[in-house]
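Taking it in order: structure first as structure tokens, then the write-up.
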Amino acid sequence: MAFQTLGIETSCDETAVAVLEADEQGCRLLGEALATRPEEHAALGGIVPELTVRQHLELLPRLTAEAQKKSGSVTVSGVGATAGPGLAPALLVGLSYGKALAWAQKNPFYAINHLEGHLFSPFVSHGKWPEYPHVALIVSGGHTLLVEASGPQERRILGATRDDAAGEAFDKLARMVGLGYPGGAALEREARARDAQERFRCHDR
Numbered sequence: 228m229a230f231q232t233l234g235i236e237t238s239c240d241e242t243a244v245a246v247l248e249a250d251e252q253g254c255r256l257l258g259e260a261l262a263t264r265p266e267e268h269a270a271l272g273g274i275v276p277e278l279t280v281r282q283h284l285e286l287l288p289r290l291t292a293e294a295q296k297k298s299g300s301v302t303v304s305g306v307g308a309t310a311g312p313g314l315a316p317a318l319l320v321g322l323s324y325g326k327a328l329a330w331a332q333k334n335p336f337y338a339i340n341h342l343e344g345h346l347f348s349p350f351v352s353h354g355k356w357p358e359y360p361h362v363a364l365i366v367s368g369g370h371t372l373l374v375e376a377s378g379p380q381e382r383r384i385l386g387a388t389r390d391d392a393a394g395e396a397f398d399k400l401a402r403m404v405g406l407g408y409p410g411g412a413a414l415e416r417e418a419r420a421r422d423a424q425e426r427f428r429c430h431d432r
């Protein structure tokens, strides 16, 4: 029996809504909508929590309608929203919106761990549940982890960065050399524009 769920993601500056269908074989994406306004944050030197909250409040109703329309307006049986880790004010918007939506629809609400979402997301495109055990590498804006998954609810962190995650390092480096925000995209553009034979000397500090 298939189970349709509306998922909400507001852990940082991007606002995303998706409709998913799951059964015994796996999970499939039926419809999604995403919005981000990096130029507004770039003008202020990085992510501003108050601005992020206002953007989520403005975008969520429209993105929800868009994702549901793309899904064929299926009737969902549950609502899930990212509960953390993430930017606390931004998370609160998604959680409050998701809970209110679930209550209005008389559906169950599910608080979703952000990192567990990363672990499961690659398998949505395949439409099949993951095989266990497996090892997963999470490289995102706020986290860089190597995780061993031995079951749907059984995980162990094998390693992580000691301080900044990869995404944070990109943002800091881009800011240091005047490339602005978001750092990852700016650094990638610069790298693609360079000669592959160029070399740089690194010095220990």
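The working numbering applies: residue 228 is where the sequence shown begins, and numbers increase by one.
For each residue, glycine too, the CB sits at the ideal point set by N, CA and C.
Count the other CB atoms, across all protein chains shown, that sit within 10 Å of the CB of residue i; report buried if there are 16 or more and exposed otherwise.
i    : result
A420 : exposed
I384 : exposed
V366 : exposed
H353 : exposed
S238 : buried
T388 : exposed
Whose C-alpha, out of the options, is nearest the C-alpha of residue i?
i    : options                   : result
H269 : E415, R416, Q424 and G405 : The sequence given here places Ala at residue 269; His does not occur at that position. It is G405 whose Cα lies nearest to the Cα of A269.
S323 : A310, L314 and K333       : A310
V351 : L233, T232, G253 and S238 : G253
D398 : P265, S238, P312 and M228 : P265
R255 : L346, W356, R382 and L278 : W356
Y408 : I339, G273, P379 and T232 : G273
Q332 : P316, A317 and T302       : T302
Q380 : I339, A260, M403 and T232 : I339
In chain order, what residues of the same chain lie with their CB nearer than 7 Å to the CB of residue i, ignoring the 5 residues before and after it?
i    : result
A262 : T242, L286 and L290
L400 : G410 and L414
G344 : T309
G394 : S367, G368, G369 and G411
E417 : L406
Please work out which residues of its chain come closer than 8 Å, Cβ to Cβ, to residue i, disregarding the five sequence neighbours upstream and downstream, and give them in chain order.
i    : result
F230 : E248, A249, D250, S304 and G305
E267 : L278 and Q282
A292 : none
Take residue i and list the residues in its own chain whose beta-carbon comes closer than 6 Å to its own, dropping the five residues that flank it on each side.
i    : result
A308 : I235, G321, L322 and G325
G258 : V246, A294, K297 and S298
G386 : L373
L328 : V306
A392 : G369, H370 and T371
L233 : V246, V303 and V306
Can you determine whether any heavy atom of the ligand SAH sits closer than 7 Å to the C-beta of residue i, and answer yes or no?
i    : result
N334 : As presented, the structure is devoid of all ligands, the ligand SAH included, so that no description of it is given.
Rounded to the nearest angstrom, how far is the Cβ of residue i from that of residue j, given a contact under 8 Å?
i    : j    : result
P276 : L314 : 6 Å
L204 : P312 : No statement about residue 204 is possible, as the shown extent of the chain runs from 228 to 432 and does not include it.
### Task
State whether the region 238-247 contacts the region 278-293, with contact taken as three or more CB pairs (one from each stretch) at a distance under 8 Å.
yes
### Touching by the beta-carbon criterion (3+ pairs, under 8 Å), the region 373-386 and the region 343-362
yes
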